[in-house]
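Novice: Okay, so the sequence shown: first residue is 432 according to my numbering, each after it adds one.
All residues carry an ideal CB built from backbone N, CA and C; glycine is no exception.
Dropping a structure here in structure tokens format, bear with me for questions.
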Amino acid sequence: MEKRVMTISKRRKRLMTASALLGGVLVLSACSGGGGKTDATDSGDPTSQAKVDEAAAKKTSEAQIKITPKDGSDNASINNGTAVTVTKGSLTSVTMKTATGTAVAGQISADKKSWKPLNRLERATTYKIAAEAADSDGRTAHENASFTTVSPANSFIGNFTPEDGSTVGVGMPVSINFDKAITNKAAVQKGITVSSSSGQEVVGHWFNANRLDFRPENYWTGGSTVTLKLNLDGVQGASGVYGVQQKTVTFKIGRNQVSTVDAKTKTMTVTQDGKVVKTIPISAGAPDHTTYQGQMVISEKFKETRMDGSTVGFTNDDGKGEYDIKDVPHAMRLSNSGTFIHGNYWGAKSIFGSVNTSHGCVGLSDTKGADDPNTPAAWFFAHSLIGDVVVVKNTGDKTIAPDNGLNGWNLDWAAWKAGSAV
């Protein structure tokens, strides 16, 4: 009996030991992650691990694309502000469209590092750009952006004279009229340069918040070339208002012609390059309608034009103009307020050179229809350029205001320079 009991005891111990060992094996199996099927990520698909490994090993493209302006920008430039560039790669495709789907033409550079649109953009327009590039291993990168260009309400433009490529007289200033009031005058003026091949110093003068003129101390040198550069793109002219112009303009100065009207002698002496070429009898403003005095610049020329007295304050009791001539021949504007030098066919020939009879203009003998080239008015019209100077004296009237037309020459040099913002 004793031997049997001992045997049972030993068996129990062996079973307990085996149970403990088995439990240990189960614990180790649960933590080891080795080839068993207890791993929750193992779906049983022999290719799944390969796919995971492939995805983990795959690298993104090294090409880095930059789109300017930034995505979401507003008040963007319509000129040179749009571009796509890439580093560590080459551009393979760039498309640009308006929000309505209209394509914008552009060109990738020869080295495939940049792209720009070929033409100026429109104001107040939303554009979308999609760009693709590849790195040296052929891996592609993509970038997209959307932006809106500056609106007319948030931009300003300077309307300038004279025109690009024109030939003008020695008195022609560069005159710029802005469509918005400019409060940041210094910044705007710094964005504009005017230079002459003659080397003359050129200075700007602000007449008001909308008008900036440029001229040298003395008349331009005959035969010289003047260059105007507008670098106003992105320049803040006032709060929330930015420039959009990026433009270069050149014009030529013709021969030096200055004509002097003497209301006392009732003659006009025309000089070219300092030499008298013509003396013409004239009729200036009557004693009760005298002509402004001073240096005046021809700003417009009309073979024929209408002159209605009511537009410049000369009216009868019925409100109609004291005169209304629908076909004034060979008319050239000297002021914004209505001063002209023009042909006169309705007055007697005897008045020219002998009596002043006009409402303030300077009249020269002419014929109706402006077709006779032999009249004094026709000769002067044919030999005059926009920008030529007409000096009027001895009228008994005041000197014309410098901003009444293109007549800034009536300010001396110190006063002119005092009107500069830089």
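(1) Would you kindly report the start and end of the unbroken alpha helix (DSSP H) that includes Ala564?
(2) Does the segment 625-632 touch the segment 671-678, meaning 3 or more C-beta pairs lie closer than 8 Å?
(3) Which value, in whole angstroms, describes the spacing of the CA atoms of Asn585 and Thr592?
(4) So what does DSSP say about Phe638, is it helix, strand or coil?
(5) Do you know how far the Cα of Gly668 is from the Cα of Thr516?
(6) I need the DSSP call for Trp546, collapsed to helix, strand or coil.
(7) Helix, strand or coil: which one does DSSP assign to Ser855?
(8) With distances taken Cα to Cα, identify the nearest neighbour of Asp802 among Val853, Gly685, Val759.
(9) CB-CB under 6 Å to Thr854, same chain, minus the five flanking residues each way: which ones, in chain order?
(10) Run the CB neighbour count on Thr472, radius 10 Å, all protein chains shown included, and call it buried at 16 or more, exposed below.
(11) For the segment 724-810, which segments carrying the beta strand (DSSP E) assignment without a break, of at least 3 residues, lie completely within its bounds, in sequence order?
(12) Thinking just about the alpha-carbon of each residue, which of Lys528, Met727, Thr652 is nearest to the one in Gly705?
(13) Which of the three DSSP states, helix, strand or coil, is assigned to Lys824?
(14) Helix, strand or coil: how does DSSP classify Asn841 here?
(15) Got a sec, what are the start and stop residues for the beta strand (DSSP E) Ala618 sits in?
(16) If you follow the beta strand (DSSP E) that Tyr673 is in, where does it begin and where does it stop?
(17) By the three-class DSSP mapping on this structure, what secondary structure does Pro854 have?
(18) In this structure, does DSSP put Ala852 in helix, strand or coil?
(19) Are three or more beta carbon pairs between the segment 592-601 and the segment 610-624 nearer than 8 Å?
(20) Assuming Asn825 and Asp644 make a contact with CB atoms under 8 Å, what is their CB distance in whole Å?
(21) Touching or not, the segment 562-573 and the segment 655-662, by the rule of three or more beta carbon pairs under 8 Å?
(22) Let me check understanding here. Comparing Cα to Cα, which of Ile496, Asp719, Met527, Ala534 lies closest to Lys544?
(23) When the cut-off is 9 Å and only beta carbons count, does Ser785 lie next to chain D?
(24) Along the chain, where does the beta strand (DSSP E) that runs through Ser540 open and close?
(25) With DSSP collapsed to three states, give me the class of Pro604.
(26) When the Cα atoms are used, what is the spatial distance from Asn608 to Phe811?
(27) Do you know whose CA, among Phe587, Gly520, Ser582, Val822, lies nearest Val666's CA?
(28) On the DSSP letters alone, give me the boundaries of the beta strand (DSSP E) that Asp568 sits inside.
(29) Between the C-alpha atoms of Asn639 and Lys611, what's the straight-line distance to the nearest angstrom?
(30) Which residues in the same chain have their Cβ closer than 6 Å to the Cβ of Lys709, if we skip the five residues on either side of it in sequence?
(31) Give the straight-line distance between the Cα atoms of Tyr789 and Arg642, rounded to the nearest whole angstrom.
(32) So, Asn575 versus Asp502, is the Cβ gap smaller than 9 Å?
(33) Within the same chain, show all residues whose beta-carbon is closer than 7 Å to that of Asn835, passing over the 5 residues directly before and after it, in chain order.
(34) Does the separation of the CB atoms of Ala726 and Val821 fall below 9 Å?
(35) At the level of alpha carbons, what is the spacing between Ala494 and Ser567?
(36) Please report the straight-line C-alpha distance between Trp777 and Val672, rounded to a whole angstrom.
Specialist: In terms of the structure at hand:
(1) Here the question's residue 564 lines up with position 133 in the sequence shown. Where Ala564 is concerned, there is no enclosing alpha helix (DSSP H), although the beta strand (DSSP E) it sits in stretches over 557-565.
(2) no
(3) Translated into the one-based positions of the sequence shown, residue 585 becomes position 154. Translated into the one-based positions of the sequence shown, residue 592 becomes position 161. Cα-Cα distance, rounded: 24 Å.
(4) Here residue 638 corresponds to residue number 207 of the sequence shown, with the count starting at 1. Three-state DSSP puts Phe638 in coil, outside helix and strand.
(5) Here residue 516 corresponds to residue number 85 of the sequence shown, with the count starting at 1. Here residue 668 corresponds to residue number 237 of the sequence shown, with the count starting at 1. Taking the straight line joining both Cα atoms gives about 30 Å.
(6) Along the sequence shown, read from residue 1 onward, the residue named residue 546 stands at position 115. If DSSP states are grouped into helix, strand and coil, Trp546 belongs with the strands.
(7) No answer is possible for residue 855: the residues shown for the chain start at 432 and end at 853.
(8) The residue you call residue 802 lines up with position 371 of the sequence shown. For Asp802, the nearest C-alpha among the options comes from Val759.
(9) Because the chain in this structure spans residues 432 to 853, residue 854 falls outside the shown range and cannot be described.
(10) Counting from 1 along the sequence shown, the entry for residue 472 is found at position 41. With a pLDDT of 45 at Thr472, under the threshold of 50, the predicted position of this residue should be treated as unreliable, and no value is reported.
(11) 725-728, 731-739, 755-764, 771-775, 793-796
(12) For this step, residue 705 is matched to residue 274 along the sequence shown. Comparing Cα-Cα distances from Gly705 to each of Lys528, Met727, Thr652, the minimum goes to Thr652.
(13) Within the sequence shown, residue 824 is the residue found at index 393, counting from 1. Correct three-state label for Lys824: strand.
(14) The residue labelled residue 841 in the question sits at position 410 within the sequence shown. It is helical.
(15) What you label residue 618 is simply residue 187 of the sequence shown in a count that begins at 1. DSSP places Ala618 outside any beta strand (DSSP E); the residue lies instead in the alpha helix (DSSP H), whose first and last residues are 616-621.
(16) Locating residue 673 in the sequence shown gives position 242, where the first residue counts as 1. 672-674 is the span of the beta strand (DSSP E), which, as asked, contains Tyr673.
(17) As shown, the chain starts at 432 and ends at 853. That puts residue 854 outside it, with no answer to give.
(18) As a first step, residue 852 is located in the sequence shown; it is residue number 421 there, counting from the start. Three-state result, Ala852: coil.
(19) no
(20) Working through the sequence shown from its first residue, we reach residue 825 at position 394. Working through the sequence shown from its first residue, we reach residue 644 at position 213. Approximately 27 Å separates the beta-carbon atoms of Asn825 and Asp644; this is outside 8 Å, ruling out the contact.
(21) Short answer: they don't touch.
(22) As a position in the sequence shown, residue 544 is number 113, starting the count at 1. The option with the nearest alpha carbon to Lys544 is Ile496.
(23) The structure shown contains no chain D, having only a single protein chain.
(24) Taking the sequence shown and counting its residues from 1, one reaches residue 540 at position 109. Premise fails: Ser540 is in no beta strand (DSSP E) and is neither H nor E.
(25) By one-based count along the sequence shown, residue 604 stands at place 173. Coil.
(26) As a first step, residue 608 must be located in the sequence shown, where it is residue number 177. As a first step, residue 811 must be located in the sequence shown, where it is residue number 380. Each residue's Cα considered, the two are about 29 Å apart.
(27) Taking the sequence shown and counting its residues from 1, one reaches residue 666 at position 235. Looking from the CA of Val666, the closest CA among Phe587, Gly520, Ser582, Val822 belongs to Phe587.
(28) Reading the sequence shown from its first residue, position 137 is the one you call residue 568. Run containing Asp568: none; DSSP gives neither H nor E here.
(29) Taking the sequence shown and counting its residues from 1, one reaches residue 639 at position 208. Taking the sequence shown and counting its residues from 1, one reaches residue 611 at position 180. Each residue's Cα considered, the two are about 11 Å apart.
(30) Your numbering for residue 709 matches position 278 in the sequence shown. Once the five neighbours on either side are set aside, the close Cβ partners of Lys709 are Val701.
(31) Within the sequence shown, numbered from 1, the residue matching residue 789 stands at position 358. Within the sequence shown, numbered from 1, the residue matching residue 642 stands at position 211. As written in the sequence, residue 789 is Ser, which differs from the Tyr given in the question. Spanning the two alpha carbons is a distance of roughly 31 Å.
(32) In the sequence shown, residue 575 corresponds to position 144, counting from 1. In the sequence shown, residue 502 corresponds to position 71, counting from 1. Taking 9 Å as the Cβ cut-off, Asn575 and Asp502 qualify as a contacting pair.
(33) Your numbering for residue 835 matches position 404 in the sequence shown. Counting only Cβ-Cβ distances below 7 Å, and skipping sequence neighbours, we find Ser766, Asn767, Ser768.
(34) In the sequence shown, the residue the question calls residue 726 occupies position 295. In the sequence shown, the residue the question calls residue 821 occupies position 390. Here the sequence assigns Gln to residue 726, which means Ala is not the residue at that position. Between Gln726 and Val821, the gap from beta carbon to beta carbon is short of 9 Å.
(35) Position 63 of the sequence shown holds residue 494. Position 136 of the sequence shown holds residue 567. Whole-angstrom Cα-Cα distance: 8 Å.
(36) Against the sequence shown, residue 777 aligns to sequence position 346. Against the sequence shown, residue 672 aligns to sequence position 241. Rounded to the nearest angstrom, the two C-alpha atoms are 51 Å apart.
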